[in-house]
Amino acid sequence: MNDFHTPALLKEVIRGLNIQPNGKYIDATIGGGGHAAEIIKRGGHVLGIDQDQDSIEYVKRNLESRIQNSELTLVRGNFSNIAKIARERGMKRADGVLFDLGVSSYQIERSGRGFSFLRNEPLDMRMDPTTASGQASFTAYEIVNKWSKDELCNIFSKFGEEKNARTISDSIVRARKVKPVSTSKELAEIITGANETHLRGVSRLHPATRVFQALRIVVNSEIENLKMGIEGAFEILAPGGRLAVISFHSLEDRAVKLFFARLVRDQRARLINKKPIVASEEEIKVNRRARSAKLRIIEKIANS
Ligand SMILES: C[S@@+](CC[C@H](N)C(=O)[O-])C[C@H]1O[C@@H](n2cnc3c(N)ncnc32)[C@H](O)[C@@H]1O
Numbered sequence: 003m004n005d006f007h008t009p010a011l012l013k014e015v016i017r018g019l020n021i022q023p024n025g026k027y028i029d030a031t032i033g034g035g036g037h038a039a040e041i042i043k044r045g046g047h048v049l050g051i052d053q054d055q056d057s058i059e060y061v062k063r064n065l066e067s068r069i070q071n072s073e074l075t076l077v078r079g080n081f082s083n084i085a086k087i088a089r090e091r092g093m094k095r096a097d098g099v100l101f102d103l104g105v106s107s108y109q110i111e112r113s114g115r116g117f118s119f120l121r122n123e124p125l126d127m128r129m130d131p132t133t134a135s136g137q138a139s140f141t142a143y144e145i146v147n148k149w150s151k152d153e154l155c156n157i158f159s160k161f162g163e164e165k166n167a168r169t170i171s172d173s174i175v176r177a178r179k180v181k182p183v184s185t186s187k188e189l190a191e192i193i194t195g196a197n198e199t200h201l202r203g204v205s206r207l208h209p210a211t212r213v214f215q216a217l218r219i220v221v222n223s224e225i226e227n228l229k230m231g232i233e234g235a236f237e238i239l240a241p242g243g244r245l246a247v248i249s250f251h252s253l254e255d256r257a258v259k260l261f262f263a264r265l266v267r268d269q270r271a272r273l274i275n276k277k278p279i280v281a282s283e284e285e286i287k288v289n290r291r292a293r294s295a296k297l298r299i300i301e302k303i304a305n306s
């Protein structure tokens, strides 16, 4: 645990990846380095990737001695290019790869980029606010203020599974005619107003949860990057190597499940766990974010 992010399903990930001393691992979403530090403690060597410079800086400070001992290499980049990033760092094969998807607690609570509907921050939501990791860059502000009502409705339904997408899009378009919607708080208030009659007393989720999720997914091309990332990870996985993915919502989990099912059908991999691994009650008590975590793991079959 550290002040940047509490890693979810830590024990389960370490066991699932079957860490070997001197094995080579990729942490494709290093965040605050919680999972990576545990892999290194067990003798693994880690290539850690993150598209957020703040994460890279944090891990550089926190795990400095591991970097000096060549147990950890850090790369700022997008995991959609994972195979290229690994080869450029001289890693031809990995014994295990971890993806711990979504945003870190730091990004939600302290980055100031508008990820949280509970804060009053500029509507940005880019995990990489530059183009340094090779991604095209547009913000949540541009979507909310410039996209058509139909486009908004479409992404809120598709990426947020928001049932009230039409009413919310209407309210946003009405509000932005008066003045641009500039902050996370302004947007949250518009959504709450639109959702009021629908959700009173029905849902325990904050009324803005689904729309904020949708915007974040679109701004960061999360589903496209995930599909490319897991394909690339499987490509560089050594025979017998394991790929572990923690997802936090159904769209991510569906993409992972389908990809794994295809590999199993083609006899290129075997499932380590038939059903996704979820957090224990004890873990959820100390880390609420873990309540929606789902861990799936496969092992590459030799000669696949
Ligand atoms: C849930 S956090 C990871 C936490 C980490 N496992 C730990 O123990 O602290 C997810 C991290 O993945 C990064 N990320 C998300 N999508 C990415 C992508 N396409 N490429 C690279 N990093 C990404 C985010 O910037 C964030 O730091």
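Read in the numbering used here, the sequence shown has 149 at position 147, and its numbers run on one by one without any break.
Each residue gets a CB set at the ideal place from its N, CA and C atoms; glycine is no exception.
Taking only heavy atoms of ligand 1 into account, decide whether any of them is closer than 7 Å to the Cβ of residue 98. No; taking the cut-off as 7 Å, the Cβ of residue 98 has no heavy atom of ligand 1 nearer than that.
Got a sec: does ligand 1 put a non-hydrogen atom nearer than 7 Å to the Cβ of residue 37? yes
For a quick check, are the C-beta atoms of residue 229 and residue 270 less than 8 Å apart? no
Give the straight-line distance between the Cα atoms of residue 125 and residue 132, rounded to the nearest whole angstrom. 15 Å
Inter-residue Cα distance where the pair is residue 281 and residue 68: Straight through space, the alpha carbons of residue 68 and residue 281 are spaced by roughly 29 Å.
Residue 152 beta carbon near ligand 1 (any heavy atom closer than 7 Å): Residue 152: no, Cβ never under 7 Å from ligand 1.
CB of residue 129 to nearest heavy atom of ligand 1: below 7 Å? Distances between the C-beta of residue 129 and the heavy atoms of ligand 1 include at least one below 7 Å.
What number of angstroms, rounded off, separates the C-alpha of residue 109 from the C-alpha of residue 159? Across the structure, residue 109 and residue 159 are spaced so that their CA atoms are roughly 24 Å apart.
Helix, strand or coil at residue 37 according to DSSP, with G and I counted as helix: In this structure, residue 37 counts as helix in the three-state DSSP scheme.
Closer than 7 Å: residue 258 CB and nearest ligand 1 heavy atom: no
Identify every residue that forms a DSSP beta bridge with residue 124. 185
Rounded straight-line distance, which links the Cα of residue 238 to that of residue 92: CA-CA distance, residue 92 to residue 238, rounds to 12 Å.
Checking 8 Å against the spacing of the C-beta atoms, do residue 250 and residue 295 come in under that value? Cβ atoms of residue 250 and residue 295: closer than 8 Å.
Going by C-alpha to C-alpha distance, which of 246, 289, 278, 279 sits closest to residue 300? 246
Output needed for residue 279: all residues of its chain with C-beta closer than 6 Å, excluding positions within five of it in sequence on either side, in chain order. Counting only Cβ-Cβ distances below 6 Å, and skipping sequence neighbours, we find 14, 297.
From 177, 217, 161, 23, pick the residue whose C-alpha is nearest to that of residue 128; which is it? 217
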